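This report refers to the structure that appears directly beneath it.
In this note's numbering, the protein residues as written are 588 to 690.
Shown next as structure tokens:
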């Protein structure tokens with residue numbers, strides 16, 4: 588069962604790397620990561636594209652806010668399960684596995 592993790596980002600170049608690294612250490616491996624970028628101008632989109640090419644980036648031209656940004660990410664997600672994270676979140680390696688098993 589695929590899980591999708593939507594990470595909302597706005598100028599998170601200093602925060603996003605640790606968040607994405609923690610997602611790559613998950614014990615649940617059937618996962619897609621989608622970064623929804625709310626109009627960043629700090630190079631965070633380019634960083635993700637260069638260092639995390641397997642992460643799908645949905646680039647918005649302007650900041651549409653928390654709700655609209657997440658809703659766009661949810662519509663793009665392909666997973667049976669969807670989790671929403673902010674770009675400053677660092678998750679435990681078992682986080683997603685425990686979440687999916689609970690559902």
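Beta carbons: idealized from backbone N, C-alpha and C, even for Gly. The structure presented is a predicted model; accordingly, all values stated were derived computationally and were not measured.
Residue i burial status per 10 Å Cβ neighbour count (16 or more: buried)
| i | result |
| --- | --- |
| residue 624 | buried |
| residue 597 | buried |
| residue 690 | exposed |
| residue 654 | exposed |
Rounded C-alpha distance that separates residue i from residue j
| i | j | result |
| --- | --- | --- |
| residue 634 | residue 622 | 12 Å |
| residue 669 | residue 589 | 9 Å |
| residue 658 | residue 632 | 19 Å |
| residue 662 | residue 682 | 23 Å |
| residue 652 | residue 626 | 10 Å |
| residue 643 | residue 617 | 15 Å |
| residue 676 | residue 628 | 20 Å |
Where the alpha helix (DSSP H) containing residue i begins and where it ends
| i | result |
| --- | --- |
| residue 605 | 603-611 |
| residue 686 | 682-689 |
| residue 692 | This structure does not reach residue 692, given that the chain is present from 588 up to 690, and the question cannot be answered. |
| residue 642 | Per DSSP, residue 642 belongs to no alpha helix (DSSP H) and is neither H nor E. |
Start and end residues, beta strand (DSSP E) containing residue i
| i | result |
| --- | --- |
| residue 591 | 590-596 |
| residue 622 | 618-625 |
Test item: CB-CB of residue i and residue j under 7 Å
| i | j | result |
| --- | --- | --- |
| residue 656 | residue 619 | no |
| residue 609 | residue 678 | yes |
| residue 674 | residue 603 | yes |
| residue 593 | residue 647 | no |
Residues near residue i by beta carbon distance below 8 Å, same chain, minus five either side
| i | result |
| --- | --- |
| residue 645 | 621, 622, 623, 624, 659, 660 and 663 |
| residue 680 | 609, 612, 613 and 614 |
Cβ-based neighbour list, residue i, same chain, cut-off 7 Å, excluding 5 preceding and 5 following
| i | result |
| --- | --- |
| residue 639 | 607 |
Sequence-distant residues of its chain with Cβ nearer than 6 Å to residue i (five each side left out)
| i | result |
| --- | --- |
| residue 630 | 600 |
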